[in-house]
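Student: So that we are looking at the same thing, I have put the structure below in structure tokens.
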Amino acid sequence: MIDRRGFLRLGAVGGGAVFMSGLYGKAMAAAGYEDFYFVQLSDSHWGYKGPANPEAQNTLRRAVESVNALAVQPDFIVFTGDLTHTTDDAAERRRRMGEFKQIVGGLKVKDVHFLAGEHDASLDNGAAFHEFFGPSNYSFDHKGVHFIAVDNVSDPGARIGEAQLAWLKADLDKQAKDARIVVLTHRPLFDLAPKWDWATRDGEQAMALLMPYSNVTVFYGHIHQENHHMSGHIAHHAAKSLIFPLPAPGSQDKRTPLPWDPAAPGKGLGFREVEAEAKPVAYQITEFPAMKG
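Residue numbers (this note's numbering): 130 to 422.
Here it is, written out as structure tokens:
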């Protein structure tokens, strides 16, 4: 019988690249930690209409179908922001959030964690997001891993802010220095491409709080492409979008969407599985296309 790890490695042959993010701590070999996996989706931009994705009304639904078709369902699912496309109309913003919530309600897995993106939250400091999805920063534990959702989008200035940094410090103070910690956020916490808004203005303060912990990994969205970066011992992994891909960081003057390819409508779009392995501590990332077929 094939186990979960073997299934993932076979699935990667057809699903996409596999990236291993390994972190090692002595206590992590202790009993009580279990392997598990979750799915990360990001940047669905529900409500977008434009040439970058003429099939925008169908892409999110097809991504839900693709996740539901996984042979082994994940423990939980995370959406790392930009659930909806920005609008100045407060009523339309809420309508889009309601439609998004209804569509993702079709997921087989009901344990779903949502983060805001600047398209969801920057125009009203997250008010509508809070109404539909609850707090924009929070933490939870799953099978020996401590997850922290950081909101770096509700502030229109792209800051986490002093109050939330104090909350983050208090949350981290409860963790052992070798605790397994996964940070979920929308914007990168490092300066990837500041001129494109691919940075967090006080991200270095968050990173300074995280640095003393030996087993930290960050998963984020925002840049609409797979990207892997190391800040010392901390790995950062950006996810693909469910709406349109963007160019490589800083590769051109503006971050305009890559042209739609009618011959390959799902090109550059996708979601990922992340398997959290207990011994040794590692995160196996398997990329999948957003749409079947």
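Think of the CB as a built atom: it goes at the ideal place given N, C-alpha and C, for glycine as much as any other residue.
Are the region 321-335 and the region 378-385 in contact at 8 Å, needing three or more beta carbon pairs?
Tutor: yes
Student: Taking only runs of the alpha helix (DSSP H) that begin and end inside the region 224-275, which ones reach a length of at least 4 residues, in chain order?
Tutor: Correct list: 247-250, 256-262.
Student: Does the Cβ-Cβ distance between F258 and S268 come in under 8 Å?
Tutor: The criterion of a C-beta distance shorter than 8 Å is not satisfied by F258 and S268.
Student: Determine the closest residue to D211 out of G234, L301, L297, A245, with distance taken between C-alpha atoms.
Tutor: A245
Student: Answer yes or no: do A335 and P317 have a C-beta to C-beta separation smaller than 8 Å?
Tutor: The answer is no: Cβ separation not under 8 Å.
Student: What number of angstroms, rounded off, separates the C-alpha of V241 from the C-alpha of L199?
Tutor: 16 Å
Student: Give the secondary structure of V193 by DSSP, where H, G and I count as helix, E and B as strand, and everything else as coil.
Tutor: helix
Student: Return the first residue and the last residue of the beta strand (DSSP E) that Q413 is part of.
Tutor: In the DSSP annotation of this structure, the continuous segment of the beta strand (DSSP E) that includes Q413 starts and ends at 411-418.
Student: Does DSSP put L375 in a helix, in a strand, or in coil?
Tutor: The three-state reading of DSSP puts L375 in coil, since its state is none of H, G, I, E or B.
Student: Could you tell me whether the region 216-236 touches the region 354-361, using the rule of 3 or more Cβ pairs below 8 Å?
Tutor: Short answer: they don't touch.
Student: Please classify Q231: is it buried, with 16 or more other beta-carbons within 10 angstroms of its beta-carbon, or exposed?
Tutor: Exposed, by the Cβ-count rule.
Student: Under DSSP, the beta strand (DSSP E) around Q293 begins and ends at which residues?
Tutor: Not the beta strand (DSSP E): Q293 falls in the alpha helix (DSSP H), residues 291-302.
Student: Going by Cα to Cα distance, which pick from A368, A305, L371 is closest to Y342?
Tutor: A305
Student: Which one or two residues does DSSP pair with H366 in a beta bridge?
Tutor: F348, H357
Student: What are the residues that DSSP puts in a beta bridge with T215?
Tutor: DSSP lists no partner for T215.
Student: So for A398, helix, strand or coil by DSSP?
Tutor: The amino acid occupying residue 398 in the given sequence is Leu; Ala does not appear at that position. Reduced to three states, the DSSP call for L398 is strand.
Student: Within 10 angstroms of its Cβ, does K408 collect 16 or more other Cβ (buried), or is it exposed?
Tutor: exposed
Student: I'd like the list of long-range same chain contacts for Q293, defined as Cβ closer than 8 Å, with 5 residues on each side in sequence excluded.
Tutor: N266, V279, D280
Student: Are at least three pairs of beta-carbons, each pair with one atom in the region 271-290 and one in the region 171-189, less than 8 Å apart?
Tutor: no
Student: Could you name the residues of the same chain whose beta carbon sits closer than 8 Å to that of G227, not counting the 5 residues immediately before and after it, in chain order?
Tutor: F261
Student: Taking Q334 as part of the alpha helix (DSSP H), name the residues at either end of that continuous run.
Tutor: 332-339
Student: Look up A220 in the DSSP assignment and say whether it is helix, strand or coil.
Tutor: helix
Student: Using a Cβ-Cβ cutoff of less than 8 Å, which residues in the same chain neighbour A160 once the five nearest sequence positions on both sides are dropped?
Tutor: Residue placement at A160 is flagged as unreliable, the pLDDT there being 40, under the threshold of 50; the coordinate-derived value follows with that caveat. Excluding sequence neighbours, A160 sits near nothing in its chain.
Student: Can you check DSSP and say which residues form a bridge with T209?
Tutor: L244
Student: Look up W327 in the DSSP assignment and say whether it is helix, strand or coil.
Tutor: strand
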